[in-house]
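Everything in the sequence shown is counted per our numbering, starting at 14 for the first residue and increasing by one. Idealized CB from N, CA, C, for every residue including glycine.
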Amino acid sequence: MPLLHVSGIRLHYHVQGEGTPVVFLHPPCMGSRVFTYLRNDLARDHRTLMLDLRGHGRSDSSAHPITIPMLAEDLCRTMDALDIPSAFLCSYALGSLPALEAMLAHPDRFRGAALLSGIAQAGGSRIRLMAKAGMAAASLRAQELISLTDSWRHADSPETFRNLRAEGAAGDPAKWREYLSACLQYSASDRLWFIKQPVLLLYGEKDRVFLPAARDLRQGLTNVSAAWIPGVRHTLPVHSAATVGKLIRGWIEALDERQGEPKRRNDRSRIGLAGESDRDTDPRPHPDGYR
Numbered sequence: 014m015p016l017l018h019v020s021g022i023r024l025h026y027h028v029q030g031e032g033t034p035v036v037f038l039h040p041p042c043m044g045s046r047v048f049t050y051l052r053n054d055l056a057r058d059h060r061t062l063m064l065d066l067r068g069h070g071r072s073d074s075s076a077h078p079i080t081i082p083m084l085a086e087d088l089c090r091t092m093d094a095l096d097i098p099s100a101f102l103c104s105y106a107l108g109s110l111p112a113l114e115a116m117l118a119h120p121d122r123f124r125g126a127a128l129l130s131g132i133a134q135a136g137g138s139r140i141r142l143m144a145k146a147g148m149a150a151a152s153l154r155a156q157e158l159i160s161l162t163d164s165w166r167h168a169d170s171p172e173t174f175r176n177l178r179a180e181g182a183a184g185d186p187a188k189w190r191e192y193l194s195a196c197l198q199y200s201a202s203d204r205l206w207f208i209k210q211p212v213l214l215l216y217g218e219k220d221r222v223f224l225p226a227a228r229d230l231r232q233g234l235t236n237v238s239a240a241w242i243p244g245v246r247h248t249l250p251v252h253s254a255a256t257v258g259k260l261i262r263g264w265i266e267a268l269d270e271r272q273g274e275p276k277r278r279n280d281r282s283r284i285g286l287a288g289e290s291d292r293d294t295d296p297r298p299h300p301d302g303y304r
């Protein structure tokens, strides 16, 4: 992954593929490699950008404390440098907070977002407990423990485990703590109705931590589609990459067709998820109450 000078620091990034741009946003304490499988899939017909946020992966740390608006600005400046005028976002877990902020602050730059295990605020007790535990570990500079735990939870093979752990160990735990703290302080819940771009919500059907947050997003967003992926929990970018890639690809293709852009492949059968009329379209029916 090459380096790019943005906002006075060097950010690690990787661009792959051609077509409609898709930019990935990772959560605290991890780097962009968590999206590797999904990037490889979507890069077949999209221009993909994986970016290590400041203090994460192989990007530089910085003197200024991390805030969610700062990360959104870093993203825009990176896109400027790479001549990406607009893009779809794909975020994971707490990474959905800078994704929502980016769409709120720069609606002309972001055509929509796929939020994997997304939240509008770190409001659930389990999410807050996990974030505070991560902050405590980061304060003790226990990055080996954090990277070991996250890598073990997400890995589907020894190679994936090694890659995720190496990337995690390269980060700055002080920045991890700041990113986690920023997530705890941030909320987009009362501004969701300002977001007019289409949003795709994807959750594991067995996710007990992030799935309850879907209710607020579905009620607050005005142009939302949702899909629950059967039989899986939280770690969608790795353990459900093929399904997630299929859903995102079909969603973007449907939106491109509605906006009159040329279709790159004759594959509308992949999915029919797009637009406000599809608020309740899911691969598997789900109840309004979340377990």
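Among the residues of its own chain, which have a CB less than 8 Å from the CB of residue i, if the five just before and after it don't count?
i, result
"K219", "G244, V245 and R246"
"R23", "L16, L17, S72 and D73"
"G21", "S75"
"N279", "In this prediction, N279 scores a pLDDT of 34, lower than 50, which makes its location untrustworthy; no coordinate-derived value is stated."
"E114", "I81, P82, L84, A85, Y199 and A201"
"K209", "P120, T235 and N236"
"R292", "Residue confidence for R292 is low, a pLDDT of 34 falling below 50, so the modelled location carries little weight and cannot support an answer."
"M143", "V222"
Under three-state DSSP, which class holds residue i?
i, result
"V251", "helix"
"Y105", "strand"
"V257", "helix"
"M92", "helix"
"I140", "helix"
"Q198", "helix"
"F48", "helix"
"R57", "coil"
"Q134", "strand"
"F207", "helix"
"A126", "strand"
"I265", "helix"
"L234", "coil"
"M83", "helix"
"R71", "coil"
"R278", "Low confidence applies here, because R278 scores a pLDDT of 42, under 50, leaving its location unreliable; read the following figure in that light. R278 falls in the coil class under three-state DSSP."
Give me, in chain order, the residues of the same chain whose beta-carbon lies closer than 6 Å to that of residue i; leave out the 5 immediate sequence neighbours on both sides.
i, result
"A112", "L38, L102, S104 and A126"
"H119", "C89"
"S99", "R122 and R124"
"Q29", "A56 and T61"
"L128", "S104, S109 and L214"
"V35", "L55, H59, T61, F101 and C103"
"Q134", "S200 and S202"
"G44", "D65, H69, G70 and E180"
So who's on the other strand from residue i, going by DSSP bridges?
i, result
"M63", "H27 and F37"
"Y216", "W241"
"H77", "DSSP output for H77 lists no bridge partner at all."
"A100", "F123"
"H18", "R23"
Hey, residue i and residue j: beta-carbon distance below 8 Å or not?
i, j, result
"L51", "P211", "no"
"G137", "P41", "no"
"D65", "A254", "no"
"L110", "I140", "no"
"K188", "H69", "yes"
"S130", "A146", "no"
"V11", "T91", "Residue 11 is absent from the structure shown; the chain starts at 14 and stops at 304."
Among the residues of its own chain, which have a CB less than 7 Å from the CB of residue i, if the five just before and after it don't count?
i, result
"P78", "E191"
"F207", "L117"
"D229", "A133 and S202"
Compare the C-beta of residue i against all C-beta atoms of chain D and say whether one is closer than 8 Å.
i, result
"G273", "Structure shown: chain D not included; a single protein chain is present."
At least three beta-carbon pairs within less than 8 Å, the segment 226–233 to the segment 254–274: no
Sufficient close CB pairs (3 or more, under 8 Å) joining the segment 202–209 to the segment 69–85: Contact fails: fewer than three Cβ-Cβ distances are below 8 Å.
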